[in-house]
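Read through the structure below, which is laid out as structure tokens, and then see the notes.
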Amino acid sequence: MADSVEMQDIRGLDIDKAVKGFALVEYVFKNDCAQSSGTGDQFRWYSETAADLTATAPQTNVNISPLSTFPTLEVTWTRNTGYYRKYANEDFISMEDQKSTDVDVYARTLLRLTRAVIKQVDTRIFNVLTEYSSATGLPAPTNIQTFATTAVGGDQWDAPAYAADPFKDIMHARKLIMDYDYDTSNAVLYIDPVAYEALITWLVSGKGSSVPQFASEKIQTGEVMNLGGVRIKVSRNVTTDYAVMFIKNKSCTWRTHTSITSRAIEEAGIGTRIRVWELGEAYLTDPKSVVLITDINT
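Following this line, the structure appears as structure tokens:
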């Protein structure tokens, strides 16, 4: 039988430690970002030119003859400014519920509040990766790379008669990143459950392949399969009809101002208010290492 809130192990629960424990397991997108930290209300970062360097006048050829003037190669950076965002929520547990209920009120409340914050954080990371437009509420790529399934694989992933070729789409996205000389051994692809259903159906029914084996650690990493050397992760935080590929710990950085934190605030004779919050922001450091695949579903 589940413990009630009045038992010793619940009364002695370390609220903040519990929240951090939940977060460790629940985070999916943040775990694929490079990590940094800072204070204040804003921060700066620099995006380096992704294209290969080319020589400038007076010598425009790096293959030079003896005694020739050395060519000049100029590296350029773009300075960007970001602002931290606060993700927070709370719930109130009445004194009566704490004393009488058989449900593990504290633990369940902590878990649900923590998941709500994590969902906001992961959604923000996806929006940054896809250059989300606040005006349309959809990805609006301007600096990252993008293509439609109909332009490469031939059709949407759930097209009738298995007319699509998701594997070709995935490999093309990886190739686009490699075109900018990035190492794609840590490439990750985010898809939503609808795209995942279509991908597995195409693999099994359309191509007669076996379902890739699962591993226990994938519960924490969020990875559901590896296809062509690309780790594929499924989340409802991914906007339907889109998929995004990027490089783990390279393309995007999560900058922490305040790590996920919680407090239990006692109100004598009334109950306990539980708050969970986190401050941070995601930003793109290498936009050309990100590829948005559009038109996934019919």
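Residue numbers (our numbering): 32 to 329.
A virtual CB, placed ideally from N, CA and C, is assigned to each residue, including glycine.
Runs of alpha helix (DSSP H) with 4 or more residues, each lying fully within the segment 106–136, are found at 126–131, listed in chain order. Annotation for Leu315: the continuous beta strand (DSSP E) segment containing it runs Gly302 to Leu315.
By the neighbour-count criterion, in which a residue is buried when 16 or more other Cβ atoms sit within 10 angstroms of its Cβ, Leu160 is buried.
Comparing alpha carbon positions, the residue from Val225, Met126 and Asp153 closest to Tyr314 is Asp153. Boundaries around Tyr221 are those of the beta strand (DSSP E), Ala218 to Ile222, since no alpha helix (DSSP H) includes it. Per DSSP, Thr271 is not a residue of any alpha helix (DSSP H), being assigned neither H nor E. CA-CA distance, Phe178 to Gly69, rounds to 35 Å. Tyr137 and Ser320 have their alpha carbons spaced roughly 42 Å apart. Going by C-alpha positions, Met202 is about 26 Å away from Ser78.
Non-local beta-carbon contacts of Thr112 in its own chain, meaning distances under 7 Å to residues more than five positions away in sequence, involve Gln73 and Arg75 in chain order. Judged by pairs of C-beta atoms under 8 Å, the segment 193–208 does not touch the segment 301–309, as fewer than three such pairs exist.
Rounded to the nearest angstrom, the gap between the Cα atoms of Tyr115 and Asp210 is 33 Å. In the three-state reduction of the DSSP assignment, Asn257 falls in the strand class, which pools E and B.
For Ile324, the beta-bridge partners assigned by DSSP are Phe178 and Ala274. Under DSSP, Thr100 forms no beta bridge with any residue.
Of the candidates Lys264, Pro318 and Gly300, Pro318 places its Cα closest to the Cα of Cys283.
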